[in-house]
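In what follows, a single structure is set out as structure tokens and then discussed.
Protein chains: 2
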Amino acid sequence: MECQDYALNRTLERDNLNLNPLQRGGFLPLEARKALYEFSDGYSVCDYCAGRLDEVKKPSVAGFLDDMARFLNVDAVRTVHGAREGKYAVMHAICQPGDTILVDGNAHYTTHLAAERNQLNIVEVPSSGHPEYEVQPEGYREVLDELQDRGEEPSLLLLTHVDGDYGNLTDSRAVGKIARQYGIPLLLNCAYSMGRMPIDAKKLKADFVVGSGHKSMAASGPIGVLGIKEEWVDKVLQRSSSHPVKEVEMLGCTSRGAPLTTLMASLPHVIERVGNWDEEVKKTRKFVAMMEEMGGINQIGIKPTKHDLVRFETPIFHRIAENHQRKGFFLYEELKKRNIVGIKRGQTQWFKCSVYGFSTEQVDYIAHSFQKIIKEHPQ
Amino acid sequence: MECQDYALNRTLERDNLNLNPLQRGGFLPLEARKALYEFSDGYSVCDYCAGRLDEVKKPSVAGFLDDMARFLNVDAVRTVHGAREGKYAVMHAICQPGDTILVDGNAHYTTHLAAERNQLNIVEVPSSGHPEYEVQPEGYREVLDELQDRGEEPSLLLLTHVDGDYGNLTDSRAVGKIARQYGIPLLLNCAYSMGRMPIDAKKLKADFVVGSGHKSMAASGPIGVLGIKEEWVDKVLQRSSSHPVKEVEMLGCTSRGAPLTTLMASLPHVIERVGNWDEEVKKTRKFVAMMEEMGGINQIGIKPTKHDLVRFETPIFHRIAENHQRKGFFLYEELKKRNIVGIKRGQTQWFKCSVYGFSTEQVDYIAHSFQKIIKEHPQ
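Going line by line, the protein sequences match chains H and B.
Be aware that the first sequence starts at 1019, since it is given in our numbering, and climbs by one per residue.
Be aware that the second sequence starts at 1019, since it is given in our numbering, and climbs by one per residue.
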């Protein structure tokens, strides 16, 4: 049987400046590339497994999980296949089908899917809507009170720490305090924060934190991190009745291979970069200012932004597109000529982007490129 | 914060002859190593995603899944995180908590865990026990009749195509015929067969097949394959009510990264090697004969073996261990001197091994090494 050509190359996206926020936190440092070389084969982390992935000593998965627990200030850590799988596992372990959970209005679609797969009802704490889409911690209290009036008690609160649409950072500590008052656990989705900015689960008053290795922790996908507070460890990591060393929600083991070793190899790099978070935010704010100065470009979401993911409304590019022979494709093509990628083909009314990890010179070059495109295309 | 040393190297296992059956089907061919280089970064397969992983065209995940469906003769294919996650998804989609499922006595522990996580009751179709541990297809009929007498109707039959303890190959077609007679779907666990030997799901009369990329399909872990027969596609791949393009059991997308691209890159290699399966079995039988000729070494499981995974009882090594100053460690250490790894440290009463993919010369060298160890250690 003949196979099709799967076009298994990524030169364009690797060799150019990639503005896709989904990609910026997932670039591998050298140490992770070396780990990938060592552990590329199948079950490579399982040579010395005595039945528990989290206890493997060579490579030291056990040591890594200890370090990760300290890094996040949680009582137990497991790797999962991604943030979504972490959310699913927590919901599955602590909720019953038919239960209600509260989620913020900026929640990622995978939060909805994890709840749907668990047959949970979702009640939303709405955001403030256009243009800031801010989630107010007090909104949780309001919705909880409404539910209480109806005699309903949610079994879980979920907060998207930083959302993937607007890059809004929400005050987890404030939501966590409300959660404690009502005696309901809080699951914090840190897919866009863990690995970019400091996460201290106890300060953030989260019972559970989930993170994404491929999104924000410089690891090969798919891998996620699940951090658990002491009181929930036994429930979420319950052992099998038939195979007493195996954890049921993990189906025994989770990430048995290359993604795990890249996450391990990247941890020192991630710890270091998290220390530079304030600089990253400053750089992003400067980038936003440069973009907005051009006119016809407006950042939406909380201002000034507190994260590297920014969403712009760009009426100026939309006007250019209307008169351009390449229509909406012009922006993608003009950027590509300048070695910039990561803005979706055809998109001109708005886009999301990130300059996370770029040097000041690169950020200047990117902003100037947008400026030149505007100048070269009078509306 | 300082990290521990995670010992992220695997020189010993990569540079030596590795007999671990878990590892033999997971070595990457050159094309897969190239793909890993291209797609090592985080969300690397998602550059051109329009919302569905299985429809991504660059790299051509869509084309790959078409090819895989033809290769397995199934109506729909999805990648999952591993065989266990595939089994869990099928059970979750088609069974209800409290349901009963039938599984063979040689089932992998992850079958039990997938059922337990789904709150299903397991009824076992026992194997014949020592020394062959054979699962008789008619055993399914007997157990089904017993259950029917008690008014119980299982919602799923699960068969381990080739088990990981004895390498026993069981006649799926015969079990599938029984399944059809009773109107119950059959899930075939092909973790040790798909990618090593030809799998034709329709001939094997399986409604679902699951395979393991890291175990038997020359891919980086973790990744699995789930093949589905037409009549179950809508149920297992049901779309979300809130996000209509997303599949609930997949939590939207599954393997978003490096393992997927290695599985894709390896498919032509896997298709080719599956064509040589008869040679692999012949080679294994010759190896078993050479081992048994030494005396004090007996293959258990079905004889002659129909798979590369073989389990030996090795009273001779156990006797040597008793008098050896290094006790049970001597075998591991003697093999290591001869550049052979993959037999667990300390194990001498029995072991599992595989010579899958080794050349005739390498197999001879391995058998002769065991022979020399026996000669050099008179009991």
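Ideal placement from N, C-alpha and C gives every residue a C-beta, glycine not left out.
Since the structure is predicted, the reported quantities are computational estimates derived from the model, not experimental observations.
Exercise for the section: Give the straight-line distance between the Cα atoms of Ala1111(B) and Gln1137(H), rounded to the nearest whole angstrom. Expected result: For this step, residue 1111(B) is matched to residue 93 along the second sequence. For this step, residue 1137(H) is matched to residue 119 along the first sequence. Taking the straight line joining both Cα atoms gives about 12 Å.
Handout entry: Residue-level contact to chain B via CB, Phe1082(H), 8 Å cutoff
Key = Position 64 of the first sequence, counted from the first residue, corresponds to residue 1082(H). Yes, Phe1082(H) lies at the interface with chain B (some Cβ there is under 8 Å from its Cβ).
Practice task
Excluding the 5 residues preceding and the 5 following Ala1107(H) in the sequence, name in chain order all residues of the same chain whose CB lies nearer than 8 Å to its CB.
Solution key: For the purposes of this step, residue 1107(H) is taken as residue 89 along the first sequence, with counting starting at 1. Cβ neighbours of Ala1107(H) beyond the five flanking positions: Val1098, Leu1244, Val1254, Glu1267 and Met1268.
Exercise for the section: May I ask which residues mark the beginning and end of the alpha helix (DSSP H) holding Ser1284(B)? Expected result: Numbered from its first residue, the second sequence carries residue 1284(B) at position 266. Unbroken alpha helix (DSSP H) run through Ser1284(B): Ala1276 to Val1292.
Problem - Sequence-distant residues of the same chain with beta carbon closer than 6 Å to Ala1412(H), five excluded per side - result: No answer is possible for residue 1412(H): it lies beyond the span of chain H, which begins at 1019 and ends at 1397.
Practice task
Determine which residues share a DSSP beta bridge with Gly1185(H) and list them.
Solution key: Taking the first residue of the first sequence as position 1, residue 1185(H) is located at position 167. Gly1185(H) is not bridged to any residue.
Practice task
Name, please, each residue of chain B whose Cβ falls closer than 7 Å to the Cβ of Ser1387(H).
Solution key: Residue mapping note: residue 1387(H) aligns to position 369 of the first sequence, counting from 1. Simply none; closest approach about 19 Å.
Handout entry: Secondary structure, beta strand (DSSP E): runs of 3+ residues fully inside the region 1083-1144 of chain B
Key = 1094-1098, 1118-1122 and 1139-1143
Practice task
Enumerate in chain order the residues of its own chain whose CB-to-CB distance from Leu1349(H) is below 6 Å, with the five nearest sequence positions on each side excluded.
Solution key: Position 331 of the first sequence, counted from the first residue, corresponds to residue 1349(H). Cβ within range, chain order: Phe1335 and Thr1366.
Exercise for the section: Check each residue of the region 1043-1064 of chain H: if its Cβ is closer than 9 Å to any Cβ of chain B, include it; give the result in chain order. Expected result: Gly1043, Gly1044, Phe1045, Leu1046, Glu1049, Ala1050, Arg1051, Lys1052, Ala1053, Leu1054, Tyr1055, Glu1056, Phe1057, Ser1058, Asp1059, Gly1060, Tyr1061, Ser1062, Val1063 and Cys1064
Exercise for the section: Scan the region 1155-1175 of chain B for residues whose Cβ lies nearer than 8 Å to a Cβ of chain H and list them as they occur along the chain. Expected result: none
Practice task
Pull up the distance between the alpha-carbon of Glu1248(B) and that of Asp1189(H), whole angstroms please.
Solution key: As a first step, residue 1248(B) must be located in the second sequence, where it is residue number 230. As a first step, residue 1189(H) must be located in the first sequence, where it is residue number 171. Answer to the nearest angstrom: the Cα atoms are 47 Å apart.
Handout entry: Proximal residues, the region 1112-1141 of chain B versus chain H, C-beta separation under 7 Å
Key = Tyr1127, Thr1128, His1130, Leu1131, Ala1132, Glu1134 and Arg1135
Exercise for the section: Determine the chain H residues that contact Ala1339(B) at a beta-carbon separation under 9 Å, and present them in chain order. Expected result: Position 321 of the second sequence, counted from the first residue, corresponds to residue 1339(B). Simply none; closest approach about 19 Å.
Exercise for the section: Give me whichever residues DSSP pairs with Ser1258(B) in a beta bridge. Expected result: As a working mapping, residue 1258(B) is identified with position 240 in the second sequence. DSSP output for Ser1258(B) lists no bridge partner at all.
Practice task
For Ile1391(B), return the contacting residues in chain H, with the cut-off set at a CB-CB distance below 9 Å.
Solution key: One-based indexing of the second sequence puts residue 1391(B) at position 373. Neighbours of Ile1391(B) on chain H: none; closest Cβ ~21 Å, over 9 Å.
Problem - 8 Å Cβ cutoff met for Leu1162(H) and Ala1125(H) - result: In the first sequence, residue 1162(H) corresponds to position 144, counting from 1. In the first sequence, residue 1125(H) corresponds to position 107, counting from 1. No; because the gap between Cβ atoms is not below 8 Å, this pair is not in contact.
Practice task
Measure from the C-beta of Met1019(B) to each C-beta in chain H and report whether the shortest distance is under 8 Å.
Solution key: Residue mapping note: residue 1019(B) aligns to position 1 of the second sequence, counting from 1. Chain H contact via Cβ: present.
Handout entry: Cys1271(H) beta carbon less than 8 Å from that of Leu1174(H)
Key = Position 156 of the first sequence holds residue 1174(H). Position 253 of the first sequence holds residue 1271(H). The answer is no: Cβ separation not under 8 Å.
Exercise for the section: Check the Cβ of Met1282(H) against every Cβ in chain B and list those closer than 8 Å, keeping chain order. Expected result: For the purposes of this step, residue 1282(H) is taken as the residue at position 264 of the first sequence. Ordered by position in chain B, the residues that pass the 8 Å Cβ test against Met1282(H) are Tyr1024 and Leu1026.
Problem - Length-filtered (4 minimum) alpha helix (DSSP H) runs lying within the region 1170-1225 of chain H - result: 1190-1200
Practice task
Alpha carbon to alpha carbon, how far is Arg1168(B) from Tyr1024(B)? Give it in angstroms, no decimals.
Solution key: Here residue 1024(B) is taken as the residue at index 6 of the second sequence, counted from 1. Here residue 1168(B) is taken as the residue at index 150 of the second sequence, counted from 1. One C-alpha to the other measures close to 54 Å.
Problem - Exposed unless 16 or more other CB atoms sit within 10 angstroms - verdict on Asp1296(H) - result: As a first step, residue 1296(H) must be located in the first sequence, where it is residue number 278. Exposed, since its Cβ has fewer than 16 Cβ neighbours within 10 Å.
Practice task
Output yes or no for whether 8 Å exceeds the beta carbon distance between Glu1031(B) and Asp1065(H).
Solution key: As a first step, residue 1031(B) is located in the second sequence; it is residue number 13 there, counting from the start. As a first step, residue 1065(H) is located in the first sequence; it is residue number 47 there, counting from the start. Yes, Cβ-Cβ distance for Glu1031(B) and Asp1065(H) is below 8 Å.
Handout entry: Distance CB(Ala1209(B))-CB(Pro1203(B)) smaller than 8 Å
Key = On the second sequence, position 191 is the one that residue 1209(B) refers to. On the second sequence, position 185 is the one that residue 1203(B) refers to. Taking 8 Å as the Cβ cut-off, Ala1209(B) and Pro1203(B) do not qualify as a contacting pair.
Problem - Extent of the continuous beta strand (DSSP E) to which Gly1043(B) belongs - result: As a first step, residue 1043(B) must be located in the second sequence, where it is residue number 25. Segment: none, Gly1043(B) is in no beta strand (DSSP E) and carries neither H nor E.
Exercise for the section: Kindly list, in the order they appear in chain H, the residues whose Cβ is closer than 7 Å to that of Leu1035(B). Expected result: In the second sequence, counting from the first residue as 1, residue 1035(B) sits at position 17. Here the premise fails: no neighbours, minimum Cβ distance about 14 Å.
Practice task
Taking only beta-carbon positions, decide if Gly1245(H) is within less than 8 Å of chain B.
Solution key: Sequence index remark: in the first sequence, residue 1245(H) carries index 227 (1-based). It does not: the Cβ of Gly1245(H) has no partner Cβ on chain B nearer than 8 Å.
Exercise for the section: Taking only beta-carbon positions, decide if Gln1343(H) is within less than 8 Å of chain B. Expected result: Within the first sequence, numbered from 1, the residue matching residue 1343(H) stands at position 325. Gln1343(H) does not count as touching chain B.
Handout entry: Contact list for Leu1269(B) against chain H, beta-carbon separation under 7 Å
Key = Taking the first residue of the second sequence as position 1, residue 1269(B) is located at position 251. Chain H residues near Leu1269(B): Arg1102, Glu1103, Tyr1106, Thr1128, Leu1131, Ala1132 and Arg1135.
Handout entry: For Leu1269(H), three-class secondary structure by DSSP
Key = Reading the first sequence from its first residue, position 251 is the one you call residue 1269(H). Here Leu1269(H) sits in coil by DSSP.
Problem - Val1243(B), enclosing beta strand (DSSP E) - first and last residue - result: As a first step, residue 1243(B) is located in the second sequence; it is residue number 225 there, counting from the start. Run containing Val1243(B): Gly1242 to Ile1246, per the beta strand (DSSP E) assignment.
Handout entry: Three-state secondary structure (DSSP) of Glu1152(H)
Key = Within the first sequence, numbered from 1, the residue matching residue 1152(H) stands at position 134. Coil at Glu1152(H), not helix or strand.
Practice task
Output the boundary residues of the beta strand (DSSP E) element that contains Lys1301(B).
Solution key: Indexing the second sequence from 1 puts residue 1301(B) at position 283. Counting along the chain, Lys1301(B) falls outside any beta strand (DSSP E), though it belongs to the alpha helix (DSSP H) covering Trp1295 to Glu1311.
Exercise for the section: Flag this pair as touching only if the region 1210-1226 of chain B and the region 1349-1360 of chain B have three or more C-beta atom pairs under 8 Å; answer yes or no. Expected result: no
Exercise for the section: Could you say if the region 1256-1265 of chain B and the region 1231-1241 of chain B meet the contact criterion of at least three C-beta pairs nearer than 8 Å? Expected result: no
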